[in-house]
Amino acid sequence: MRLKQKLLVGQSEEEAEVWQTSRWLNRDNVPLPPSRRTWGPWSYVGFWITTGVNISGWSGGSALLSLGLTVGQSMAVAVIGNLLVATCVVLTGLVGARWHVGFPMWNRMTWGLWGSLFPLANRIILSFTWSSTQAWFGGQVLKTLLGSLAPSIYTMRNVFPASTHMDSADFLCFIIFLLLSFPLLHIPPEKFRKPFIVAAITSSITASSLLIWSVARARGGGPLLSGSQTEYTGIQPAKGAALAWAMFYGISSQMGGICAGILNMSDYTRFAVKPGDQVWSQIFVVPIMSILTCLIGIVCTSCAAQFYPEAGLLWTPYGLLSTIQANGGNGARAAVFFASLAFLIAQFGINIAGNAISGGIDLASLFPRYINIRRGAYITTLMALPMCPWALLSGATVFISVMGGYATFLGPMTGVMVFDYVVVRKQKMKLSSLYDASSSSIYWYWRGINWRAPVAWVLGVAPLFPGFLGEVSTISIPIGLQHAYYLCFPREYMSLCCLTTVGFTISGLLYWSLATLFPIPHLGEIDDYDVFGTFGQAETSAKDLSNDSEKNDAVEPVVAVLPV
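Residue 363 in full-length UniProt numbering sits at position 363 of the sequence shown; the count goes up by one each step and never skips.
Below, the structure written as C-alpha cells:
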C-alpha cells in the first residue's frame with residue numbers, strides 16, 4: 001500500500017479539490033485554467049517553424065525525389081499536401097482552443113468513456129513510434145556535430161551486423177540524444193514559448209544558409225532542377241499513370257508524416273489564450289514553413305548531386321553535412337558544427353514538444369492517478385529504444401512508406417472526430433461528463449461505447465487496409481486497391497476543387513449518417529456552470545458557455561463532485 005501511495009501523482013490541497021473527486025482526473029487532463037493558457041498566435045508560429053524546419057521536414061521533401069518525381073512535381077506535391085495539413089490542424093485544434101481539453105478528452109466524447117481507449121492506444125503507439133524516429137534523427141545530427149569535433153567517431157569499431165542498417169557510432173549517438181532529452185522534459189508545455197523562438201530562429205537561419213551556399217556554389221539549383229535526375233540518381237522518372245499515382249502517394253506521405261500531429265492538435269491548442277489564436281497563425285505558417293523546408297531540402301539535395309555525385313542522393317541534412325566535412329577542410333568542420341548544433345536544437349524541440357509531451361498527455365489520461373505529463377513523457381522517451389528506429393528509417397522509400405502508412409488508420413479516425421464535433425454536435429461539449437466514469441455521463445452511450453464511431457471507422461479503413469497490407473508485406477494486392485490506399489487522406493480533386501476523401505470522408509459521412517438515423521442522446525448539452533473554473537468565471541450560464549468560452553479573468557473553480 002505504501003508503494004502504491006507513493007506512485008500516485010502528487011498534488012496540492014487546492015488542486016486536489018478539483019481533480020481528486022474522480023479517478024479519471026489529474027491536473028494535466030483537467031480543462032486548463034486561464035493561468036496555464038499562455039500560448040498566443042506567435043507561440044503557434046514558433047511551434048510550427050520548429051516542426052517544419054527540421055530533419056524530418058527537410059527529408060520528407062527531398063525523399064519525394066526517390067519516387068521518380070521531378071523537382072517541380074515534388075514541389076507541387078508538397079504544396080497540395082501541406083495546404084491540406086493546415087486545414088486539418090485548424091479543424092482538429094478547434095476543440096482544444098474552445099474547451100481547453102486535449103485529444104484524450106475529445107476522444108471520450110466521440111467514442112465513449114470506454115470506447116475511447118482504442119483510439120488512445122493507437123495515439124500512444126504512434127507517439128512511441130515518432131518519438132523513436134525523431135530521436136534517431138537527433139542521434140544522426142548529434143553524430144555529425146561530434147564528428148566535426150572528433151572525426152574519429154566515423155571510424156570507430158563497429159559491432160553491429162550490416163542487417164541492422166546502423167553502426168556503433170549511430171547507436172551511441174542515439175543513446176546520448178535520449179539521455180540529453182530527459183532534463184528537458186522538466187519544462188512544462190505552458191513554458192515552451194521561449195524554447196520555440198530559439199529553435200525556430202536557429203534552424204531557420206541554418207536552413208537558409210545551406211540553401212544560399214548550395215545555390216551559390218552550384219551557380220543555380222543543381223542538375224536535378226535541369227532534368228538530369230536519372231544521370232545523377234539512377235532513378236527513372238515516373239510517367240503517365242505511374243506519375244499520377246506517385247504524386248498521390250507523395251501527397252499521402254506528406255500528410256501521413258504529420259497525421260499523428262493532426263489528430264492530437266487539440267493537445268496544444270488547449271494552451272491558447274483565446275480560441276482564435278490558433279486559427280490564423282496555423283493557416284498561414286503551416287503551409288509556408290513546410291513548403292519552404294521542402295524546397296530547401298530538394299534544392300540542397302539537387303546541388304549536392306552535382307558536388308558529390310559519388311555519394312548518391314543525399315536526402316537528409318545530416319548526410320549532406322557529413323559529406324561536406326569529408327570533402328572540406330577546417331572551415332567546413334566549423335560550418336558543420338554550427339549547422340549540426342542548430343538542427344540538434346530543432347530536434348529536441350520537435351521531439352520533446354511534438355512527441356514526448358504528446359505521449360505524456362495521452363498516458364496521463366489513460367492512467368490519471370499514476371501518470372502525469374512528465375512521467376508519461378519519460379515513458380514515451382524510454383520506449384524509443386525498443387521501437388528500433390534504425391529499421392524503420394533504412395532508406396528514403398522506407399521513410400515514405402512509414403509516413404504514408406499511418407494515415408490508413410488515423411485518416412478515418414480523424415474524419416469521425418471532426419464530423420462529430422463540427423457537424424453533429426455544433427462544437428458543443430459537456431466538460432463534467434468527460435470525467436464521469438458512470439452511466440450518468442452523457443458520453444456513456446452503450447456500456448461506455450458510442451458504437452457509431454467504431455462502425456464508421458471500420459468502414460472507412462476497409463477499402464484502405466488491403467493496400468496498406470500490400471505496402472508493408474509481400475502479399476500481392478490488386479492495383480485498384482493499392483490506388484485507393486494512396487488516397488487515404490483528403491486532397492483537392494477535379495475542376496470544382498471539392499475536397500474528396502477515401503478514409504477521412506467515408507468515416508466522417510458514415511458517422512454523420514449513423515448519428516442522424518440513430519440520434520445521439522443529450523446532443524448539444526453543456527454544463528450549466530463553469531464546473532472547473534476553465535473560463536475564468538465562477539459561474540457561467542449555459543448560454544455564455546455556448547457563445548463565449550474565452551473569458552480570461554482568473555478565479556477559483558467551482559468544484560463538481562463526480563462519481564469515483
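By construction, the Cβ of each residue, glycine as well, lies at the ideal position given by its N, Cα and C atoms. Note that the structure is a prediction, hence the values are computed from the model and not measured.
- In this chain, the alpha helix (DSSP H) harbouring residue 143 covers 117–149.
- With a cutoff of 7 Å on beta-carbon distance, residue 417 and residue 110 are scored as near each other.
- Under the three-state reduction of DSSP, residue 212 is assigned to helix.
- Just measuring C-alpha positions, the residue of 60, 272 and 153 sitting nearest residue 44 is 272.
- When the five nearest sequence neighbours on each side are left out, the beta carbons in the same chain lying within less than 7 Å of the beta carbon of residue 269 are those of 93, 96, 97 and 278, in order along the chain.
- Taken atom to atom, the span from the alpha-carbon of residue 528 to that of residue 433 is near 12 Å.
- When only Cα atoms are considered, residue 203 and residue 285 end up about 15 Å apart.
- For residue 222, the closest C-alpha among the options 314, 443, 189 and 166 is that of 314.
- Counted as a single uninterrupted DSSP element, the alpha helix (DSSP H) harbouring residue 41 occupies residues 41–52.
- Under the rule that a run must span 4 or more residues, the alpha helix (DSSP H) segments found entirely inside the segment 172–225 read 193–218.
- With respect to residue 316, residue 131 sits apart: the two C-beta atoms are not nearer than 7 Å.
- Comparing alpha carbon positions, the residue from 437, 532 and 415 closest to residue 513 is 415.
- With 16 or more other CB atoms across the displayed protein chains lying within 10 angstroms of its CB, residue 206 is buried.
- In the displayed model, residue 332 falls within a helix according to three-state DSSP.
- In the structure shown, residue 449 falls within a strand segment according to DSSP collapsed to helix, strand and coil.
- Contact between the segment 113–123 and the segment 368–378 is absent: fewer than three C-beta pairs spanning the two stretches fall below 8 Å.
- In the DSSP assignment, residue 327 falls outside any alpha helix (DSSP H), carrying neither H nor E.
- Residue 356 holds the alpha-carbon nearest to the alpha-carbon of residue 183 among 523, 356, 335 and 460.
- The Cβ neighbour count for residue 533, taken over all protein chains shown within 10 Å, is at least 16; the residue is labelled buried.
- Judged by beta-carbon spacing, residue 211 lies beyond the 7 Å limit of residue 173, meaning their Cβ atoms are not closer than that value.
- Nearest Cα to residue 511 within the set 535, 420 and 522: 420.
- For residue 242, no pairing in a beta bridge is given by DSSP.
- With the rule of 3 Cβ pairs closer than 8 Å, the segment 326–333 does not count as touching the segment 58–77.
- Nearest to residue 148 by C-alpha distance, out of 446, 451 and 338, is 338.
- For residue 356, there is no enclosing alpha helix (DSSP H), as DSSP gives it neither H nor E.
- Annotation for residue 152: no alpha helix (DSSP H) segment contains it, and DSSP assigns it neither H nor E.
- Note that the C-beta distance between residue 340 and residue 145 is below 7 Å.
- Annotation for residue 308: 323 place their beta carbon closer than 6 Å to its own, counting only its chain and skipping 5 residues before and after.
- Nearest to residue 461 by alpha-carbon distance, out of 413, 445, 424 and 444, is 413.
- For residue 503, the enclosing alpha helix (DSSP H) has its first and last residue at 503–517.
- With fewer than 16 neighbouring CB atoms inside 10 Å of its own CB, residue 521 falls in the exposed class.
- For residue 272, the three-state secondary structure derived from DSSP is strand.
- Straight-line spacing of the CA atoms in residue 39 and residue 190 works out to 7 Å.
- With a beta-carbon spacing of about 6 Å, residue 531 and residue 431 fall inside the 8 Å limit used to define contacts.
- Relative to residue 154, the option among 369, 318, 288 and 108 whose CA is nearest is 318.
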